[in-house]
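Protein chains: 4
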Amino acid sequence: MSKYDHIKQAAYEANMQLPKLGLVLFTFGNVSAVDRELGVFAIKPSGVPYEDLTPEKMVIVDLDGNTVEGDLRPSSDTLTHAVLYKHWTEIGGIVHTHSTYGTAWAQSQRDIPIFGTTHADHNTVDIPCAPPMEDAMIEGNYEYETGFQIMNCFKDKGLDYKEVEMVLVGNHAPFTWGKDAAKAVYNSAVLETVAQMAYLTEQISPVAPRLKDSIIKKHYDRKHGANAYYGQ
Amino acid sequence: MSKYDHIKQAAYEANMQLPKLGLVLFTFGNVSAVDRELGVFAIKPSGVPYEDLTPEKMVIVDLDGNTVEGDLRPSSDTLTHAVLYKHWTEIGGIVHTHSTYGTAWAQSQRDIPIFGTTHADHNTVDIPCAPPMEDAMIEGNYEYETGFQIMNCFKDKGLDYKEVEMVLVGNHAPFTWGKDAAKAVYNSAVLETVAQMAYLTEQISPVAPRLKDSIIKKHYDRKHGANAYYGQ
Amino acid sequence: MSKYDHIKQAAYEANMQLPKLGLVLFTFGNVSAVDRELGVFAIKPSGVPYEDLTPEKMVIVDLDGNTVEGDLRPSSDTLTHAVLYKHWTEIGGIVHTHSTYGTAWAQSQRDIPIFGTTHADHNTVDIPCAPPMEDAMIEGNYEYETGFQIMNCFKDKGLDYKEVEMVLVGNHAPFTWGKDAAKAVYNSAVLETVAQMAYLTEQISPVAPRLKDSIIKKHYDRKHGANAYYGQ
Amino acid sequence: MSKYDHIKQAAYEANMQLPKLGLVLFTFGNVSAVDRELGVFAIKPSGVPYEDLTPEKMVIVDLDGNTVEGDLRPSSDTLTHAVLYKHWTEIGGIVHTHSTYGTAWAQSQRDIPIFGTTHADHNTVDIPCAPPMEDAMIEGNYEYETGFQIMNCFKDKGLDYKEVEMVLVGNHAPFTWGKDAAKAVYNSAVLETVAQMAYLTEQISPVAPRLKDSIIKKHYDRKHGANAYYGQ
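Residue numbers (our numbering), protein chains in the order written: chain H, 1 to 232; chain W, 1 to 232; chain E, 1 to 232; chain L, 1 to 232.
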């Protein structure tokens, strides 16, 4: 028994959703779940196959990236998670994957255009793609700087992390987050399907227009607005 | 026991086909089944995962969209179903999905061209794409107006809903219908595979011609004509 | 017991491979198996879902397309099978599917170019696409004429049905055959994967060259030549 | 019992991963595992379906391609394996597949560009594509020469087989290797997913830039460098 069991369990269950949703090959992804009161998060151990995961193997790390509990080395992306938890104080869970279509858009260094209501049900803007990092950031504390690269992208584009819960890191792959780890995984699957649909849309019609503002507003409001009427 | 059990069961079974056929991610779809004599239809509750569905959870709604029986909120698309049932009096079931290829065509705002016999076995025309709605319709009673947008599209193109049982709503996604909920689901799967084949056809040959009238007529007649000889 | 049990069983088993190999949606495909001595073939009944098939439901038909035994109506494509069995006297089994990539090439009305050794392991030439049929043939005995359209294509291109065991019918979809029904199904799966690879090859390099003759010859010979050394 | 049981078991287990990972249709692939002290490797028998494989059916072959133990004929690609084992003395396992995206790149005769970190986690360079072989090599000892074609490609490009564990053979398909058979299979799956992502990247942005050197170095070092911090 550990006082961290609840976030270990949450991180474990959320990690196990990634292969089930077809979002990872081998160990190319990780999920974490934070406890804000305890100031720590549980994250997947690095390079451990999903079929060998157990809640007990999750690693407990503080918001500076120091391991607090656990025998295994945490995910190599741990510092990116730590930076985002530290600065974006209302995030409860974070996911990183190399899902196929999301990664292809990241490699193309393009925002994913908002072409339809599947996208608008979740975001009012294009899914942002942060530019590749400067060499000094890469050669320095790379994963730590990746967190800042994401936050700088949101600052530059005037986005709110509580409204837009997903980003592509240019050349790299998607990161998503949410109120808890399960919601962050949900957002990773949404990003992947929206990325595939946007790819196909441009193939079918290179002049396909972005969704107009009235529909964007309507679809977002019905799921997330003051008078939302989606769900129970 | 309820006098609506038969349509609850039909709607439940048809809804459960959507994930099995790969037509939905999470809760991005819904099926309804109508009883014309009772003047009501059974529809999926909003935002409930498919693995948690039961026949009892289906919501009974009248053709004006008022809930008649059920503890849960009906699908947010309920008014679109209600409008179509009210005006297209021979429909027995309706399906809405965000299936990948169908949605990509809807986002491209293009009709799906009739390129081959897979398409012609089910439709004699291109699968119509209704234009995006006017702002006044969107800001008003959106889902209600979506039903009219579909019907106006059929009126403008001179189509008969008893002949063409599927439509794309521009920027949004497909709707299909049929004599019952099971047939409407069948049509959703047909639309998705025809949408994928048409996409690939244009990639392989940008000058691929539409199917000629003689083959369209032949294939449709052998499945649906007076002397149909497909099936038992 | 029936003297046709062996071909009913062979046709049944081969039909059941189609959904397992991902080559059919619903009932969009059929397989037959011939007994040359008895002068009849067993074929899937029309429109019966694969999960409801049994060996007993296979329909026995003679080479003119007359039903000899069985309570169900045979596949609507039965006359195409009958014509091919009658004229191509060494075929033991025939398959028709609307598999996704094969059908897209058929709709594009293009032969599938021989780009690599996966193709060359099975064919020394491009996979032929028969042109769409003349209106008179379509309006006449359509499925019967489809058989002749395939044979005429082979005659025009100088192909031997014992060497090339697959064809696309323009606007329609693939047909394959082989020494028995199982081999014909194998050929359908080969056609589908070769069709997908050829599509991707042209997307990756629009100037990708056809395979050169020396490799075509080598790969074909090692699997099918006098000194074949593939397999046991 | 045989003194080769350990490599038979390793080759068997690695072969069985190919269908599980979606890398083969029917028998279009093979894996081998070498024992350097005994100077032999175990390889899949030719043309035997994966569902019929057992460890006992693996064939033991020496580094000149002579069968040492086993009742079945070894894979038709055996001589390619033998040549690579003989000259690249630190390889423990080899895989050959006709995986869909990898084969499409091979048919396009293009190196797979390094577009992102998924690629850079495993290679610091584009995945090389060896040119199609000269006619004299093809008409001679084809599979033996295929091994030399691969080695010549590495020599011409100045690549080290211990750093780059994968190659495309132009017109043909991928080969991968590694310290053991399991690692070689892992590399085959990595190649396939990187090939798919690179294809999609170019479709989304035909001007997508190659990854810059600083990121290539960083990602490779964190997984493979002296201070690697990926994995346990």
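Here a beta-carbon is modelled for each residue, glycine too, at the ideal position from N, C-alpha and C.
Under 7 Å (Cβ pairs) to chain E, residues found in the stretch 137 to 169 of chain L = 138, 139 and 142
Is it a yes or a no for the stretch 104 to 112 of chain W touching the stretch 36 to 49 of chain W, going by three-plus beta-carbon pairs under 8 Å?
-> no
Within the stretch 189 to 217 of chain H, note down every full beta strand (DSSP E) run reaching 3 residues or more, in order along the chain.
-> none
Sequence-distant residues of the same chain with beta carbon closer than 7 Å to residue 63 of chain L, five excluded per side = Along the fourth sequence, read from residue 1 onward, the residue named residue 63 of chain L stands at position 63. 39, 82, 85 and 86, listed in sequence order.
Hey, quick one: how far does the alpha helix (DSSP H) through residue 180 of chain E stretch, first residue to last?
-> For this step, residue 180 of chain E is matched to residue 180 along the third sequence. Looking at the DSSP string, residue 180 of chain E is not in any alpha helix (DSSP H), and its letter there is neither H nor E.
Drop a sphere of 10 angstroms on the beta-carbon of residue 185 of chain W, count the other beta-carbons inside from all chains shown, and report buried for 16 or more, exposed for fewer.
-> Taking the second sequence and counting its residues from 1, one reaches residue 185 of chain W at position 185. Under this definition residue 185 of chain W is a buried residue.
How about residue 211 of chain E: is its C-beta nearer than 8 Å to some C-beta of chain L?
-> The residue given as residue 211 of chain E occupies position 211 in the third sequence. Taking Cβ atoms only, chain L reaches closer than 8 Å to residue 211 of chain E, which makes this a yes.
In chain order, what residues of the same chain lie with their CB nearer than 6 Å to the CB of residue 50 of chain L, ignoring the 5 residues before and after it?
-> Here residue 50 of chain L is taken as the residue at index 50 of the fourth sequence, counted from 1. Only 19 meet the Cβ criterion.
Whole-number beta carbon distance between residue 149 of chain W and residue 169 of chain W, since they are thought to touch under 8 Å = Mapped onto the second sequence, residue 169 of chain W falls at position 169. Mapped onto the second sequence, residue 149 of chain W falls at position 149. Between residue 149 of chain W and residue 169 of chain W the Cβ distance is about 7 Å, and since that is below 8 Å, they are a contact.
Relative to the alpha-carbon of residue 94 of chain H, which residue among H:78, H:128, H:104 and H:102 has its alpha-carbon at the smallest distance?
-> For the purposes of this step, residue 94 of chain H is taken as the residue at position 94 of the first sequence. Residue 94 of chain H has its Cα closest to that of H:78, out of H:78, H:128, H:104 and H:102.
Cβ of residue 191 of chain W within 8 Å of any chain H Cβ = To locate residue 191 of chain W, count along the second sequence from 1; it is residue 191. Answer no: the Cβ-Cβ gap between residue 191 of chain W and chain H never drops below 8 Å.
Residues near residue 102 of chain E by beta carbon distance below 7 Å, same chain, minus five either side = On the third sequence, position 102 is the one that residue 102 of chain E refers to. Contacts found: 168, 173, 174, 191, 192 and 195.
Give the straight-line distance between the Cα atoms of residue 144 of chain E and residue 138 of chain E, rounded to the nearest whole angstrom.
-> As a first step, residue 144 of chain E is located in the third sequence; it is residue number 144 there, counting from the start. As a first step, residue 138 of chain E is located in the third sequence; it is residue number 138 there, counting from the start. Cα to Cα, the separation comes out at about 10 Å.
Alpha-carbon spacing of residue 225 of chain W relative to residue 122 of chain W, whole angstroms | To locate residue 225 of chain W, count along the second sequence from 1; it is residue 225. To locate residue 122 of chain W, count along the second sequence from 1; it is residue 122. For residue 225 of chain W and residue 122 of chain W, the distance between alpha carbons rounds to 11 Å.
Mind checking whether residue 47 of chain L and residue 59 of chain L have CB atoms under 8 Å apart?
-> As a first step, residue 47 of chain L is located in the fourth sequence; it is residue number 47 there, counting from the start. As a first step, residue 59 of chain L is located in the fourth sequence; it is residue number 59 there, counting from the start. It is not a contact, given that the beta carbons lie outside the stated cut-off.
Any heavy atom of the ligand COA within a distance shorter than 7 Å of the CB on residue 207 of chain L?
-> Within the structure as shown, the ligand COA is missing, as the structure has no ligands at all.
For residue 62 of chain H, three-class secondary structure by DSSP | Position 62 of the first sequence, counted from the start, is the residue given in the question as residue 62 of chain H. Correct three-state label for residue 62 of chain H: strand.
Residue 61 of chain H to residue 67 of chain H, Cα distance in whole Å?
-> Here residue 61 of chain H refers to the residue found at position 61 of the first sequence. Here residue 67 of chain H refers to the residue found at position 67 of the first sequence. The alpha-carbon atoms of residue 61 of chain H and residue 67 of chain H are separated by roughly 4 Å.
Chain B contact for residue 32 of chain E (CB, 8 Å cutoff) = Of the protein chains in the structure, H, W, E and L, none is chain B.
In whole angstroms, what is the alpha-carbon distance linking residue 57 of chain L and residue 5 of chain L?
-> Locating residue 57 of chain L in the fourth sequence gives position 57, where the first residue counts as 1. Locating residue 5 of chain L in the fourth sequence gives position 5, where the first residue counts as 1. Each residue's alpha carbon lies about 11 Å from the other.
If residue 189 of chain W and residue 21 of chain W are in contact, beta carbons under 8 Å, what's the gap, nearest whole angstrom?
-> Your numbering for residue 189 of chain W matches position 189 in the second sequence. Your numbering for residue 21 of chain W matches position 21 in the second sequence. With 8 Å as the limit, residue 189 of chain W and residue 21 of chain W qualify as a contact, their Cβ atoms being about 5 Å apart.
Can you name the residues of chain W whose CB is closer than 9 Å to the CB of residue 79 of chain E?
-> Within the third sequence, numbered from 1, the residue matching residue 79 of chain E stands at position 79. Here the premise fails: no neighbours, minimum Cβ distance about 10 Å.
Would you mind sorting residue 227 of chain W into buried or exposed? The rule is 16 or more other CB atoms within 10 Å of its CB.
-> Residue 227 of chain W sits at position 227 when you count from the first residue of the second sequence. Counting Cβ neighbours within 10 Å, residue 227 of chain W comes out exposed, since fewer than 16 surround it.
May I ask you to report which of helix, strand or coil DSSP gives residue 166 of chain W?
-> Sequence index remark: in the second sequence, residue 166 of chain W carries index 166 (1-based). In the structure shown, residue 166 of chain W sits in a strand (DSSP, three-state: E or B).
Establish whether the CB of residue 208 of chain H and some CB of chain W are separated by less than 8 Å.
-> If you number the first sequence from 1, residue 208 of chain H lands on position 208. Closer than 8 Å to some Cβ of chain W, the Cβ of residue 208 of chain H qualifies, so yes.
Per DSSP, residue 129 of chain W forms a beta bridge with which residues?
-> To locate residue 129 of chain W, count along the second sequence from 1; it is residue 129. BP columns for residue 129 of chain W point to W:168.
Under a Cβ-count criterion, where at least 16 other Cβ atoms within 10 Å of its own Cβ denotes burial, should residue 207 of chain W be classed as buried or exposed?
-> Translated into the one-based positions of the second sequence, residue 207 of chain W becomes position 207. Under this definition residue 207 of chain W is an exposed residue.
Looking only at DSSP bridge pairs, what is residue 113 of chain W linked to?
-> Position 113 of the second sequence, counting from 1, holds the residue named residue 113 of chain W. DSSP output for residue 113 of chain W lists no bridge partner at all.
Report the rounded CA-to-CA distance for residue 163 of chain W versus residue 126 of chain H, giving the unit in angstroms.
-> As a working note, residue 163 of chain W is residue 163 in the second sequence. As a working note, residue 126 of chain H is residue 126 in the first sequence. Looking at the two C-alpha atoms, the distance is approximately 38 Å.
Of all the CB atoms in chain L, is at least one closer than 8 Å to the CB of residue 101 of chain H?
-> Counting from one through the first sequence, the residue named residue 101 of chain H turns up at place 101. True, the Cβ-Cβ gap to chain L drops below 8 Å.
Exposed unless 16 or more other CB atoms sit within 10 angstroms - verdict on residue 222 of chain W | For the purposes of this step, residue 222 of chain W is taken as residue 222 along the second sequence, with counting starting at 1. Counting Cβ neighbours within 10 Å, residue 222 of chain W comes out buried, since at least 16 surround it.
Ignore the nearest five residues each way along the sequence and tell me which others in residue 205 of chain L's own chain have a CB closer than 6 Å to its CB.
-> Locating residue 205 of chain L in the fourth sequence gives position 205, counting from the first residue. So no residue of the chain qualifies.
Is the CB of residue 214 of chain E under 8 Å away from at least one CB in chain L?
-> In the third sequence, residue 214 of chain E corresponds to position 214, counting from 1. Yes, residue 214 of chain E lies at the interface with chain L (some Cβ there is under 8 Å from its Cβ).
Neighbour flag for residue 16 of chain H against chain W, beta carbons, 8 Å = As a first step, residue 16 of chain H is located in the first sequence; it is residue number 16 there, counting from the start. It does not: the Cβ of residue 16 of chain H has no partner Cβ on chain W nearer than 8 Å.
From W:179, W:171 and W:7, residue whose alpha carbon lies closest to that of residue 98 of chain W | To locate residue 98 of chain W, count along the second sequence from 1; it is residue 98. Here the closest residue by C-alpha is W:171.
Can you say whether residue 166 of chain L is buried or exposed, counting buried as having 16 or more other CB atoms within 10 angstroms of its CB?
-> On the fourth sequence, residue 166 of chain L is found 166 positions in, with the first residue counted as 1. Result: buried.
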